Amino acid sequence: MSYSPEVYPLTRITMMGEISYLLFQALLAASCMALVFYGVFFVKQKEKIRTVARLTLLAAGVLQTLYILFRYLQSGYTPITSQHETIVFFAWSVTWAFLSFRWRYTVKNFGTFISLLVFILLLIAAVASRAINPLPPALQSWWLPVHAGIAVISYGFLALAFCGGIMYLLQEHELKSKRFGYFFTRLPSLESLDQLNSHCLATGFVFLTMGIITGSIWARQAWGTYWHWDPKETWSLITWFLYAAQIHQRFSAGWRGKRAAIMAVIGFASVLFTLWGVTYLLGGIHSYAQ
Amino acid sequence: MPSDMILLLGVNHKTTPLAVREQLAMGNGYEQPLHSLRGIAGCKECYLLSTCNRVEILVVAQEDAQVEAQIAKLLFGDSVAPEQYQDYLYIYRNDEAVHHLFMVSTSLDSMIVGEAQILGQLKEAYRHAAELKYTGPVLNKLLHKSFSVAKRVRSETLIGASAVSISYAAVELAKKIFGNLQDKNVLLIGAGEMAELAAEHLVGQGVHKVVVANRTLSRAMDLAKRFNGTAVSLDELFSQLEQADIVISSTGAPNIILHKQDVKPIMRARRNEPIFFIDIAVPRDLDPKLNDLDNVYLYDIDDLHNVVEINKSERDKEAIKALRIVDEESLKFQSWLDNLSVVPTITALRKKADDICHIELERTLCRLQLSPDEQKAIEKMALAISSRLLHDPVSFLKNDSCKEQHDVKVEMIRAAFGLVDKY
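Residue numbers (my numbering), protein chains in the order written: chain A, 521 to 810; chain B, 37 to 459.
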């Protein structure tokens with residue numbers, strides 16, 4: 521599966537690069553439109569606008585999928601190694617995690633927060649380098665899509681929990697302070713946000729665990745040992761423990777509401793640090809996306 | 037010639053925070069405060085309204101700044117320094133007082149515009165004052181008028197149809213906390229009217245179970261039966277709190293019945309399931325610090341006010357219509373009141389004529405030797421002459437044709453018949 525430019529004639533490469541570029545611009549625009557529509561819906565609260573916003577986000581989700589597939593064809597490996605690719609994949613997983621949840625139940629105005637997060641992620645992806653680098657030998661394995669894919673999907677669900685947590689904290693603040701501002705009528709009930717937190721966390725945690733297990737199996741194959749105490753591994757483990765503690769506390773001591781929301785925010789901060797902070801600040805053998 | 041005026045002093049939820057209202061000397065009961073009001077020199081008629089949102093005093097008294105100060109002193113007792121009275125107190129005189137009373141009776145001044153409870157409370161307050169015979173011709177007329185204005189507003193506007201009451205606000209909040217109320221349990225502490233109303237609303241939203249905790253079990257059982265619920269005594273309160281999701285407290289207890297440190301262990305037992313406390317009692321039943329606990333939400337009556345503010349605009353249109361009715365009726369009452377200054381003049385005129393008749397009759401009859409029948413005939417004749425003589429001046433006074441000159445007419449007649457200063 522190694523990348524060899526000789527396979528393709530030059531014109532084909534430039535043409536594919538062009539299409540890929542356009543696809544990314546299109547998905548960025550679609551996500552922006554989704555955010556605008558969700559924003560308008562947030563202000564006006566008109567059902568019609570929500571339908572439009574949903575369809576736009578769905579279109580953005582489809583475009584993201586196409587872009588990832590196209591980039592796969594272009595590079596010949598799962599596009600999840602460079603900074604740009606990882607963030608696009610992250611945005612894709614947030615979008616589809618949301619759409620899959622939306623399908624099961626509605627949480628009022630959740631889409632607004634999600635589309636904002638997706639758009640921010642894509643903006644970061646837009647400024648990151650889009651160059652296609654040759655795949656390092658260590659990553660040339662079918663474990664790459666399995667391990668990295670699962671891990672980023674788990675981040676998608678954990679991002680939902682994060683957004684739900686932020687909404688919970690906003691709404692809780694309104695209810696506790698008894699001064700009903702802009703958000704009070706627009707945000708859903710606390711209980712539905714808490715439920716969202718618990719569901720997203722459960723799903724995200726399962727994926728996170730699977731991501732760590734697959735990673736460790738891959739490490740055994742690639743580097744010879746299951747666990748290296750590489751900074752990325754350590755931070756994944758810290759994140760895992762944060763979420764494990766939270767889930768354990770919810771079931772044993774009834775941690776819910778504000779505490780669960782704060783934990784979801786802290787957990788997500790740890791996720792982001794594992795994803796980026798480790799790469800830039802701590803380095804280690806696991807940092808490929810430079 | 038000091039004349040009488042209608043004076044209305046009060047505090048309500050808009051001007052005065054709950055903490056101050058709770059301390060008011062006149063906040064409790066009717067009889068004692070009414071006695072002390074009547075004791076004020078120059079106070080001729082008095083009436084007191086005391087609800088959980090307002091305390092208002094209405095008197096007919098001589099125009100005299102002293103009266104206002106004395107009433108304010110009685111109202112606040114020692115809880116507030118006299119310099120601070122003006123921060124809380126509103127004072128209305130004459131036409132303003134009438135207008136305000138009508139605003140109150142029509143619930144336009146209520147925390148929840150359009151709620152119907154205030155009319156009942158007004159009638160109850162009037163009954164207390166009337167039983168003690170502390171209301172006279174002016175207040176009797178005025179209060180009855182306020183009832184009929186309220187009825188008129190209710191029938192001519194939609195203000196009551198969308199009557200969102202405190203209970204409505206409570207339901208809205210409960211929905212923001214719990215989302216779905218279907219599987220939630222409601223606990224009523226105390227079995228007052230307000231609690232009943234709130235529970236009715238919640239049952240309408242399909243809550244799962246209603247439990248009533250009350251000091252007197254029989255009252256609790258009556259109320260519980262209405263909602264297919266169960267009745268418990270107040271001693272079981274803590275164990276009941278472990279199951280309840282929405283708690284409405286409205287006991288008449290003078291002190292706080294549920295403290296923060298009581299609820300803390302309950303939250304642990306509930307595994308932090310959220311709980312929503314609604315304190316509609318004055319003085320408060322529940323420790324305000326409960327709100328600091330995680331997953332505990334406490335709203336008292338002032339807080340509910342803010343919630344209601346949210347959907348107020350929808351009812352504003354009807355309120356404008358109602359306001360027009362109130363303005364109209366206030367003017368009508370004012371003209372009745374103006375007419376009233378004629379009435380004492382007529383009374384004085386008749387009394388003077390009667391007095392003259394009796395003096396002259398006595399003087400004449402004792403000199404003549406007449407049989408009782410003849411005496412009666414003479415008496416009758418004298419009174420007939422005087423009353424026929426007075427007929428024209430009286431109808432002149434009562435004549436509505438030149439209303440704005442009432443004062444002139446009254447003064448003229450009084451001067452002509454020598455009735456100066458006999459009001």
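For each residue, glycine too, the CB sits at the ideal point set by N, CA and C. These figures come from a predicted structure and were not determined experimentally.
- Contact check for B/L385 and B/L419: beta-carbon distance about 14 Å, past the 8 Å limit, so the pair fails to qualify.
- Of all alpha-carbon atoms in B/Y170, B/F112, B/Y335 and B/T381, the one lying nearest the alpha-carbon of B/A451 is that of B/T381.
- Using a Cβ-Cβ cut-off of 7 Å, A/S709 is close to K211, K212, I213, F214 and G215 of chain B, given in chain order.
- Within the same chain, I670, A671, I673, S674 and F677 come within 8 Å of A/F727 by CB-CB distance, once the 5 residues on both sides are set aside.
- For B/D390, the enclosing alpha helix (DSSP H) starts and ends at V378 to L401.
- In the same chain as A/T632, and ignoring 5 residues on each side of it, the C-beta atoms closer than 6 Å to its own belong to Y558 and F562, in chain order.
- Inclusion of B/I76 and B/V47 in the CB contact set at 8 Å is not warranted, their separation being larger than that value.
- When CB distances to chain B are screened at a threshold of 8 Å, the residues of the region 754 to 781 of chain A falling below it are A773, G774, W775, R776, G777, K778 and R779, in chain order.
- Using a Cβ-Cβ cut-off of 8 Å, B/N221 does not count as an interface residue toward chain A, since no Cβ of chain A sits closer than that to its own.
- By the neighbour-count definition (other C-beta atoms within 10 Å, threshold 16), B/S285 is a buried residue.
- With a threshold of 8 Å between beta carbons, A/K696 makes contact with chain B.
- Across the region 306 to 317 of chain B, CB contacts with chain A closer than 8 Å involve R306, R307, N308, E309 and P310, in sequence order along the chain.
- Counting only Cβ-Cβ distances below 9 Å, A/S718 has no contacts in chain B at all, with the closest Cβ about 13 Å away.
- Restricting attention to alpha helix (DSSP H) runs no shorter than 4 residues, the region 643 to 715 of chain A encloses them at 663 to 697 and 702 to 706, ordered along the chain.
- Inter-segment contact for the region 279 to 298 of chain B and the region 252 to 259 of chain B is absent: fewer than three beta-carbon pairs are separated by less than 8 Å.
- B/H135 and B/V185 have their C-alpha atoms some 11 Å from each other.
- Residues of chain A whose Cβ lies closer than 7 Å to the Cβ of B/D258 do not exist; the shortest such Cβ separation is about 32 Å.
- Taking C-beta separations shorter than 7 Å and ignoring five residues to either side along the sequence, the partners of B/A235 in its chain run V222, L224, V246, F263 and I284, following chain order.
- Taking CB atoms only, B/N291 has no neighbour in chain A less than 8 Å away.
- Against chain A, the CB of B/Y333 has a partner CB under 8 Å away; the residue lies at that interface.
- Within a 10 Å sphere around the beta-carbon of A/W755 sit 16 or more other beta-carbons, which makes this residue buried.
- In summary, B/A227 is buried, with 16 or more beta-carbon neighbours lying within 10 Å of its beta-carbon over all protein chains present.
- When the five nearest sequence neighbours on each side are left out, the beta carbons in the same chain lying within less than 7 Å of the beta carbon of B/K220 are those of F214, V243, H244, D281 and I282, in order along the chain.
- Contact of B/D323 with chain A is not assigned, every C-beta pair being separated by 8 Å or more.
- For B/E167, the enclosing alpha helix (DSSP H) has its first and last residue at Q153 to E167.
- Boundaries of the alpha helix (DSSP H) harbouring B/N176: P173 to E192, taken from the DSSP string.
- For B/L223, the enclosing beta strand (DSSP E) covers residues N221 to I225.
- Counting only Cβ-Cβ distances below 7 Å, B/N327 has contacts in chain A at K696, in chain order.
- Look at the beta carbons and you see the region 785 to 794 of chain A touching the region 749 to 767 of chain A: at least three pairs across the two are nearer than 8 Å.
- A/S712 reaches chain B at G215, counting residues in chain order whose Cβ is nearer than 8 Å.
- Restricting attention to beta strand (DSSP E) runs no shorter than 3 residues, the region 66 to 128 of chain B encloses them at 79 to 86 and 90 to 98, ordered along the chain.
- B/G46 is bridged by DSSP to B/E92 and B/Y126.
- A/G684 counts as buried, since no fewer than 16 other beta carbons sit within 10 angstroms of its beta carbon.
- Distances from the alpha-carbon of A/V560 to those of A/L713, A/A648 and A/R574 put A/R574 closest.
- Secondary structure note for B/A256: its alpha helix (DSSP H) is the uninterrupted segment L253 to R262.
- B/T266 is bridged by DSSP to B/V247.
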